[in-house]
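In the order they appear, the protein sequences are chains A and B.
Quick note: the first sequence, position 81, residue 81 per the working numbering, numbers continuous.
For the working numbering, add 271 to where a residue sits in the second sequence, where the first one is 1.
Yeah, the Cβ is synthetic: ideal placement off N, Cα and C, and Gly gets one too.
Source: prediction; values computed, not measured.
These notes concern the structure reproduced below.
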Amino acid sequence: MRLINRRPDRTTALLLALLPFALVILAYVLGSAARLAENPADKLLPSLATLADAIGRVALNPDARTGDYLLLNDTLATLDRLVSALALSTAIALVTGMLIGMLPAVRALLAPFVAMVSMVPPLALLPILFIVMGLGEASKVALITIGVTPFLIRDLAMRVEELPREQTIKAETLGGSSWQIALRVVLPQIAPRLIDAVRLSLGPAFLFLIAAEAIAAEAGLGYRIFLVRRYLAMDVILPYVAWITLLSVLMDYALVRLRRALFPWYGGRSA
Amino acid sequence: MTAISVRNLWKEYGDQIVLEDINLEFAARSFVALVGPSGCGKTTFLRMLLSEEKATRGEILIDGKPIAPEPGADRGVVFQRYSVFPHLTVLGNVLLAAEFSQSPFTARLFGTARRAAEEEARALIAEVGLAGAEDKYPAALSGGMQQRLALAQAIMRKPRILLLDEPFGALDPGIRADIHQLMRRLWNSCEMTVVMVTHDLREAFTLATRVIAFERRRNRPEERERFGATIAKDIEVWPPRIAGQLDLFTPDRDDPVLAEGQGRDDPARRSA
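The structure is reproduced here in structure tokens:
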């Protein structure tokens with residue numbers, strides 16, 4: 001049988017999926033053991049026990065100085081910024097993207113501008129944001145919003161334009177006004193695509209957030225990583241990176257489930 | 272009653288002449304089939320009737336008045352594809368016309384108004400043979416059933432003119448025969464004029480009261496650009512068919528009171 005026709009069964013597929021993870025962990029354990037054998041004080045690849053110890057310290061025990069649980073505190077601070085920025089971006093993108101996609105006049109007005117703005121490297125704006133908005137929460141939320149919104153707007157406008165023209169014409173022949181067509185034909189068909197676009201922007205959003213937290217913050221996952229970097233505290237950095245990754249994966253998964261629950265018709269189409 | 276007049280109609284795209292000097296009068300309640308080879312402009316003509324394209328020269332009059340500059344509720348349409356909304360159920364698709372006309376702001380109906388509209392929609396869904404499929408999404412319907420739905424959806428709005436752009440072109444012959452029967456029944460029972468573009472001459476003569484063939488009279492490569500298509504044949508189908516009246520000659524297909532049989536793509540039969 002040709003390789004292109006060989007399909008693993010469910011168990012094999014699961015094992016295959018786990019294999020790379022297992023290999024990475026194995027490589028880490030071996031590397032860590034080798035380094036520690038040479039130098040027990042090595043900080044670069046701490047042993048699993050040291051990692052577990054550090055996780056217990058930051059996650060389960062209150063901080064000696066402030067009495068807060070560091071991991072919980074950092075996670076809440078980061079998620080607060082991330083979620084408010086993404087909510088803001090999504091709202092702006094939904095309105096602007098639909099207007100650009102549906103109304104030729106707005107497209108003429110805004111499409112070139114948005115295309116230009118989306119090319120501005122957001123991190124280059126970070127100093128400006130810090131200067132103008134101060135070092136507080138506003139500048140971090142603004143950075144993510146500026147970084148993510150133009151992408152969302154362009155993606156959404158394209159999705160609106162991708163809807164078959166026949167649909168708009170059909171809706172017009174059913175007597176729909178522009179507003180009614182936006183509400184009943186375009187919006188429901190765009191919403192699942194918007195969720196997908198937000199999923200794709202989770203990565204960049206985290207990037208911008210961690211960059212902002214690294215420079216100026218009092219709490220946050222990115223802040224903690226860059227803080228403990230000074231002490232070469234790999235035992236804290238590695239779990240934090242894993243935790244950020246896990247958070248992203250969970251958010252992505254939650255968005256998929258949300259899309260499936262809200263839009264059962266989406267994805268099952270042949271066209 | 273709605274008659275369509277087309278006067279000295281030209282359509283050009285830049286240098287390319289697509290249609291030249293089309294003059295037509297469609298009687299109210301007629302069923303006109305437009306036939307012709309690919310690229311002869313019959314679909315362009317239909318799109319002008321839909322106000323999707325503007326005539327370069329000449330005019331289209333509906334009941335003596337110039338055609339509206341944009342598509343509207345007076346002219347319903349069924350395309351070959353993408354005619355139904357994938358995000359709405361069968362019932363939702365048919366209800367949409369009522370919701371658009373009765374609820375300008377939310378485009379949704381509630382309470383008594385919704386129940387009345389729903390009753391009408393369900394009757395129409397049964398009429399086109401989709402009873403039992405009300406809660407399905409179009410993706411779960413066969414091609415024939417989707418086109419039945421598209422017809423019900425268009426007719427819900429009670430258009431005075433129904434435009435069909437190769438609506439049954441993608442269906443296989445058995446299903447096409449069933450849906451032809453439905454189409455004749457709808458034309459007989461609804462107060463509308465039908466204009467249909469088709470590739471299929473047999474379909475044209477099966478359904479229409481009048482068959483109009485578009486053709487380019489000059490089709491050599493060096494002439495093609497500067498000569499558009501004109502009307503090559505204009506055939507009144509004989510024996511004449513009259514909307515809403517019993518057809519004595521081909522009663523099996525045309526009888527307006529004929530009991531509907533089960534079609535091959537009826538949901539009841541599919542699940543059996």
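What are the boundary residues of the alpha helix (DSSP H) that includes residue i?
i	result
B:E494	492-495
A:L36	10-38
A:Y223	221-228
B:T383	382-398
B:I446	444-460
A:A216	Careful: A:A216 lies outside any alpha helix (DSSP H) and carries neither H nor E.
A:A171	165-173
Under 7 Å between beta-carbons, which chain B residues line up against residue i? List them in chain order, please.
i	result
A:W265	P357, H358, Y408, A410
Run the CB neighbour count on residue i, radius 10 Å, all protein chains shown included, and call it buried at 16 or more, exposed below.
i	result
A:P192	buried
A:L3	exposed
B:T464	buried
A:G203	exposed
A:W179	exposed
B:A475	buried
A:P8	exposed
A:R269	At A:R269 the pLDDT is 43, less than 50, meaning the model places this residue with poor confidence; the figure from the coordinates comes in the next sentence. Burial call: exposed.
B:A543	Reliability fails at B:A543, whose pLDDT of 41 lies under 50, so the model's placement of it is uncertain and the value that follows must be treated cautiously. Burial call: exposed.
A:L246	exposed
B:W509	exposed
A:R229	exposed
A:D155	buried
B:H358	buried
B:F381	exposed
B:K325	exposed
B:S309	exposed
A:E213	buried
A:R224	buried
B:V528	Residue placement at B:V528 is flagged as unreliable, the pLDDT there being 43, under the threshold of 50; the coordinate-derived value follows with that caveat. It counts as exposed.
B:A530	Low local confidence applies: a pLDDT of 44 at B:A530 is under 50, so the model's placement there is unreliable, and no value is given.
B:K336	exposed
A:A87	exposed
Is the separation between the beta-carbon of residue i and that of residue j shorter than 8 Å?
i	j	result
B:V468	B:T327	no
A:M234	A:L44	yes
B:G415	B:I396	no
B:G400	A:T173	no
A:G220	A:T11	no
B:L478	B:F302	yes
A:L209	A:R81	yes
A:A157	A:I100	yes
B:E486	B:G307	yes
B:I293	B:L305	no
B:V466	B:L420	no
A:P164	B:Y353	yes
B:A484	B:A514	no
B:I432	B:R346	yes
A:P188	A:A54	no
B:D436	B:Q351	yes
Quick check on the DSSP output: the beta strand (DSSP E) that includes residue i runs from which residue to which?
i	result
B:M467	464-468
B:V348	346-349
B:I338	Neither: B:I338 is in no beta strand (DSSP E) and is coded neither H nor E.
A:Y69	Looking at the DSSP string, A:Y69 is not in any beta strand (DSSP E), and its letter there is neither H nor E.
B:L284	Per the sequence presented here, residue 284 of chain B reads as Tyr, with Leu not at that position. Here the beta strand (DSSP E) through B:Y284 covers 275-284.
B:Q424	Not the beta strand (DSSP E): B:Q424 falls in the alpha helix (DSSP H), residues 414-427.
B:K504	500-507
B:F302	302-306
B:D292	287-297
Just the chain A side, please: which residues come within less than 8 Å of residue i by C-beta, in chain order?
i	result
B:A368	L174, G175
B:E341	E172
B:L254	Since the first residue shown for chain B is 272 and the last is 543, residue 254 of chain B is missing from the structure and cannot be characterised.
Interface residues of chain A around residue i at Cβ under 7 Å?
i	result
B:A344	T173, L174, G175
B:V348	I169, K170, T173
B:F371	L174, G175, G176, Q180
B:S354	E166, K170
Beta carbon of residue i: closer than 7 Å to some heavy atom of the ligand MG?
i	result
A:R229	Absence of the ligand MG from the depicted structure is noted, as is the absence of any ligand whatsoever, leaving it without description.
Taking Cβ-Cβ distances shorter than 9 Å, what residues in chain A pair up with residue i?
i	result
B:P375	S177, W179, Q180
B:R428	T173, L174, G175
Any C-beta of chain B within less than 8 Å: which residues of the region 168-195 of chain A qualify?
I169, K170, A171, E172, T173, L174, G175, G176, S177, W179, Q180, L183, R184, V185, P188, Q189
Members of the region 139-167 of chain A near chain B, C-beta cut-off 7 Å:
P164, E166, Q167
Check distances from the C-beta atoms of the region 377-388 of chain B to those of chain A and list, in chain order, the residues that come in under 9 Å.
T377, A378, R379
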